[in-house]
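Participant:
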Amino acid sequence: MYKKTAWAAGAALTVLAAASVAMAQQTSRKAAEVEATTIGELIVTAEKREQKLQDVPIAITAFTAKQRETTGIVSIQDITNFTPGLTYNSGLDRASIRGVGRLTNRLSSDAAVATYSDGFYTTSVAEAGKSTLIVDRIEVLRGPQGTLYGRNAIGGAINVISRRPTNTKAGEARVTLGTYGLHNYELLVSGPVTDFARLQFYGQYVEQTEGYFRNVATGNRFKDAINNNYLEVQADVDVGERGHLWVKYAKPKWFNQSGNSGGNLGDREYSYNYSGVDALTINPAFGLTQPNHVQVGTVTTNPQLKDPRTANTDFQTRIKNTGINILTAQYTQKFDAFDVKYVGGYDSYKYDSYSDSDGLPILSFQVPLNVSPSFSLNTCQYVPGCKPLTIDASGNRFSYIEDKSWFSHELNISSNQEGPFQWIAGLYYFKDTYHNPQISYSTQPGALTPSGANVGNPLGSALNPRGEFYFFDYDMTTESRAVFGQVDWKFRDVWQFTAGLRYTADHKEGFESFRSLCMTNSCIGDPRVYGTLVGGQALDITTLLAASYPSQAAAKVEGISTAPSQQSATKWVNYVIDPATGRANRQLENDWSGVTGTLGVEWNPDGGTNAYFRYGRGYKSGGFNAAEIVPSPSTDAETVDAYEIGLKKDIGSTLRINTAVFLYNYKDLQIPIRVLVQTELGNVIQTRFLNVPESESKGIEVEANWKPIRGLDFLASYSYNPTEVKSGCSTADTRACVLDVADPLAQDPDAQPAITVSTPNTTPNDTQTKVLQSLRGNSLPYAPASKFALNANYTWLLEDSSLTVSANYVWRDASYGNLFTRDYNRAPAWDSKDFRVVWRTYSGRYTVTAYVRNAFDDLTFNSANGGTRLAPDPANPTNYANVVQSLGMNPPRTYGISVFYKFW
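So for the sequence shown, my numbering puts the first residue at 4; every next one is plus one.
1. Assuming D81 is part of the alpha helix (DSSP H), what are its boundary residues?
2. Excluding the five sequence neighbours on either side, which residues of its own chain have a C-beta within less than 6 Å of the C-beta of Y349, listed in chain order?
3. Give me the Cα-Cα distance between G184 and R140, rounded to the nearest whole angstrom.
4. Name the one or two DSSP bridge partners that I404 has.
5. For a minimum of 4 consecutive residues, which ranges assigned as the alpha helix (DSSP H) are wholly contained in the segment 443–504?
6. Buried or exposed: where does R469 fall if 16 or more other Cβ atoms within 10 Å of its Cβ makes it buried?
7. My assumption, with CB atoms under 8 Å, is that T601 sits in contact with G149. Please give the rounded CB distance.
8. May I ask you to report which of helix, strand or coil DSSP gives V532?
9. For P1 and L372, which I take to be in contact (beta-carbon distance under 8 Å), what is that distance rounded to the nearest angstrom?
10. Tell me which residue opens and which closes the alpha helix (DSSP H) that E72 is part of.
11. For the segment 499–579, list the alpha helix (DSSP H) runs that are entirely contained and at least 4 residues long, ordered along the chain.
12. Apply the 10 Å Cβ neighbour rule to R495 and answer buried if 16 or more other Cβ atoms are within range, or exposed otherwise.
13. Would you mind working out which of N524, G538 and I442 sits nearest Y357, comparing C-alpha positions?
14. Where DSSP assigns a beta bridge to E142, which residues make up the other side?
15. Which residues mark the beginning and the end of the alpha helix (DSSP H) in which A49 is found?
16. What does T298 pair with, by DSSP beta-bridge criteria?
17. Please classify K33: is it buried, with 16 or more other beta-carbons within 10 angstroms of its beta-carbon, or exposed?
18. Is the distance from the Cβ of L822 to the Cβ of P784 below 8 Å?
19. For S568, count neighbouring C-beta atoms within 10 Å of its own C-beta (all shown protein chains included) and say buried if the count is 16 or more, exposed if not.
20. Here's the rule I'm using: 16 or more other beta-carbon atoms within 10 Å means buried, otherwise exposed. How should I82 be labelled?
21. Go ahead and pull the three-state DSSP assignment for K729.
22. Excluding five sequence neighbours on each side, which residues of the same chain lie with their C-beta closer than 8 Å to the C-beta of A830?
23. In the DSSP assignment, the alpha helix (DSSP H) including A288 goes from what residue to what residue?
24. Within this structure, are the beta carbons of V604 and W498 separated by less than 8 Å?
25. Using a Cβ-Cβ cutoff of less than 8 Å, which residues in the same chain neighbour D834 once the five nearest sequence positions on both sides are dropped?
26. Starting from the Cα of E235, find the closest Cα among V219, G214 and Y205 and give me that residue.
27. Using the C-alpha atoms, what's the distance from E802 back to S846?
28. Return the Cβ separation of D359 and T313 in integer angstroms, given the expectation that the two are a contact with Cβ distance under 8 Å.
29. Please list the terminal residues of the continuous beta strand (DSSP E) segment that includes G621.
30. Using CA atoms only, rank isn't needed, just tell me which of A396, L380, F338 and T382 is closest to P364.
31. Could you check which residue in G869, S31 and K51 has the C-alpha nearest to that of S417?
32. Kindly indicate which residue of V163, E697, N399 and L591 has the alpha-carbon position closest to the one of I632.
33. Return yes when the Cβ of A745 is within less than 8 Å of the Cβ of Q776, no when it is not.
34. How far does the beta strand (DSSP E) with Y183 in it reach, from first residue to last?
35. According to DSSP, simplified to helix, strand and coil, what is D58?
36. If you follow the beta strand (DSSP E) that T118 is in, where does it begin and where does it stop?
Next up, the structure:
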């Protein structure tokens, strides 16, 4: 009897379970049918409260995890492609929106597009590229977010919103296999641990065994392009009936031998000139022309002229990022009329890149002696034991390190009741510390024992055991404080008025450190004349390159706190040489502040229409051109006044069109630019930060989503964004008068010569006359005039599953790597096509995706890095037409397959 009862009970449970599964399948199929014919509502938190995307009166693009998986908008570059006005340089991790962005990697200069991960400010756009398994939604807010996102949001903000722990048990595993040895493994487990607490665990391991480039020096493809792991844990806790705590801790770590960007393309042959251009050593490429040189492999020319995805080097770049710890917390306490919310966090990392500084296969070569009986042209032949000087290039390396940590706290209070008035107010505090050593190394023996006595720097004889040929670093702290508030008032049912205000105060302080050695003819003597009689000691030229001033008053410069000291009757300096290291050290300190805000009005005549006008003022703190001891290291803050008119329109449930027209008045744009500086050594190229008085960005953006028939879905975006520097150059105002180091005589057809200057001290292959150019009419960097993206996908609803075929087409106009709109700074226009097929069960248990990216293996570019002048013909030193172009490339064609399995 007992067995029969048990059997009956088991059978009943089986039937109930089967029925439950069937009901779930039926419910999921109905949801799929609705999704196949209707554009759904998307909830965003762009204004720090939950709102429908169409109700937010600003230009915003948002992507859900499922949408990204279906359309293939997975990477940061994909998000960039489908977001109007947004550009991203993957090699330098820089984002720009509507021409407003970060133009340097100097940490002492702030970003212009803020990235917030769950409300916590982060310095890298890479957060937006995390897996869709843990990222629920990405929001890109275009235009200055001067009230609610004051920290570095002058161009806009990118919000990354995590998937939270679930109320029921959930678990999913994912595997992706692809070309170039790609293996991606992910695991997520989530669910309740008590009736008031939930936990979520996530782990990922990604490996790509081969890079996109082949090294012709070794004949092998670069290895270990990606080797990353990522661990994350979340806790979600109800605190009483009205409190809620959420905490996330993440521990990423990655070791990428060759990196995984598309790499850089140089479009000219190597410069084999003996002296090179503005060099501190004899040109290593010259060694490739000498019969007795030693190199890796046999190729002595630039292989990229035949195959862009090649390199010719004796050392593979090594990149690693360790010490990453990310802690984010949110606590909300609800009251009857308002909510109080805290958002804070801590983040740290140490990025370490080590590369071949000359990018060549050369290991060593001898400098040939002049063939002449003259003592003055070939002294070496008359000195017993003198031989040709051997140059050791095997240790020519460049080290770049970012060591950074920061934390922030925000406390805000906001209304939580329905009604015509909605408001939010808050306080914000941010602090970070960082140092950024950048070092060029040499294994030439003379670099180990330099001397500076001959140039009036006896401390330049400090030993240099690591062979640091060019060293600069800065160790700084930034503090930022802000108070903000915003109110929304809805009146006459269809109108709403918005006003917001924010005050921000920024403080930066720290020190910079610099040392430079030299082994060119002008520093040690000509090895072609003296052979091994020279080269035993490098010349320490730190005090020749570092800033000096004609008087004590002139040496008292804003942003420099080191007291001036007198070196001679006409030379004052504001740095101190460390006798132990030979480095020039200088203290920096400055303060900036700004008032920003927004004013807007919107009109909602019906449920499907939102027309709005928005004014926003953005502010970015000033910064420092730290590390090279330049005359004026501090820059002013930059501001933008933005005017925008927008219309968000739903036509029925199958067509959505959002448009925005905008105009920016951009003041005191901070630009890093390579300029020619007259020093005691001669004319030397250094990086300077300038404030360009006036620029303009304007344009129109259109986004559309259309589902004309069941299963067919179109997603498109277009932006037209011409930008222009408005300031001109004159002797009365030289702030927009800049030397183009790639064209110092302003010979390019598009050059705008303005002021001719005489520079009597010159270096080899240089001329005494230079021409400053006006920046008026040039485009802003990284701002393509037009870009277009289209996704078309069709979904077949099968009995228990769906099958989606998706295609992406992307086109982007040309853009420029700096403020000189020239062909040699130009990244050409390009287009690319991606395809994918996605099969899903309605229950969501199984998902299989096959994809191909850049299907036709088009050569596409994410940026131009700016042209570099090569040495002209010594017989014609005024010819500066020989400029090499450097382009940042997107990856080649890749393909693979992904399998998702929900086991709970």
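Don't be surprised by glycine CBs; every beta carbon is placed ideally from N, CA and C.
Note that the coordinates shown come from a computational prediction; the quantities given were computed from them, not determined experimentally.
Facilitator: The short version:
1. I79 to N84
2. L330 and F410
3. Distance between the alpha carbons of G184 and R140 is about 29 Å.
4. Looking at the DSSP assignment, I404 forms a beta bridge with D355.
5. Segments of the alpha helix (DSSP H) lying fully in the segment 443–504: there are none.
6. exposed
7. 6 Å
8. helix
9. The requested residue 1 is not part of the displayed model; the chain covers only 4 to 907.
10. Unbroken alpha helix (DSSP H) run through E72: A68 to T74.
11. 524–527, 530–533 and 545–548
12. Exposed, since its Cβ has fewer than 16 Cβ neighbours within 10 Å.
13. If you compare the alpha carbons of N524, G538 and I442 with that of Y357, the shortest gap goes to I442.
14. In the DSSP secondary-structure assignment, E142 is bridged to A65 and N162.
15. Note, A49: premise wrong, no alpha helix (DSSP H); not H, not E.
16. Rather than Thr, the amino acid found at residue 298 in this sequence is Gln. The partner list for Q298 (beta bridge, DSSP) reads I365.
17. exposed
18. By the CB criterion at 8 Å, L822 and P784 fall inside the cutoff.
19. exposed
20. buried
21. coil
22. A817, S818, Y819, G820, F864, N865, S866, A867, L890 and G891
23. Segment P287 to G290, the alpha helix (DSSP H) holding A288.
24. yes
25. Y812, V813, W814, R815, D861 and T863
26. Y205
27. 12 Å
28. Not really, about 14 Å apart at Cβ, beyond 8 Å.
29. T612 to K623
30. A396
31. K51
32. For I632, the nearest C-alpha among the options comes from L591.
33. no
34. DSSP places Y183 in no beta strand (DSSP E); its state is neither H nor E.
35. helix
36. V116 to S120
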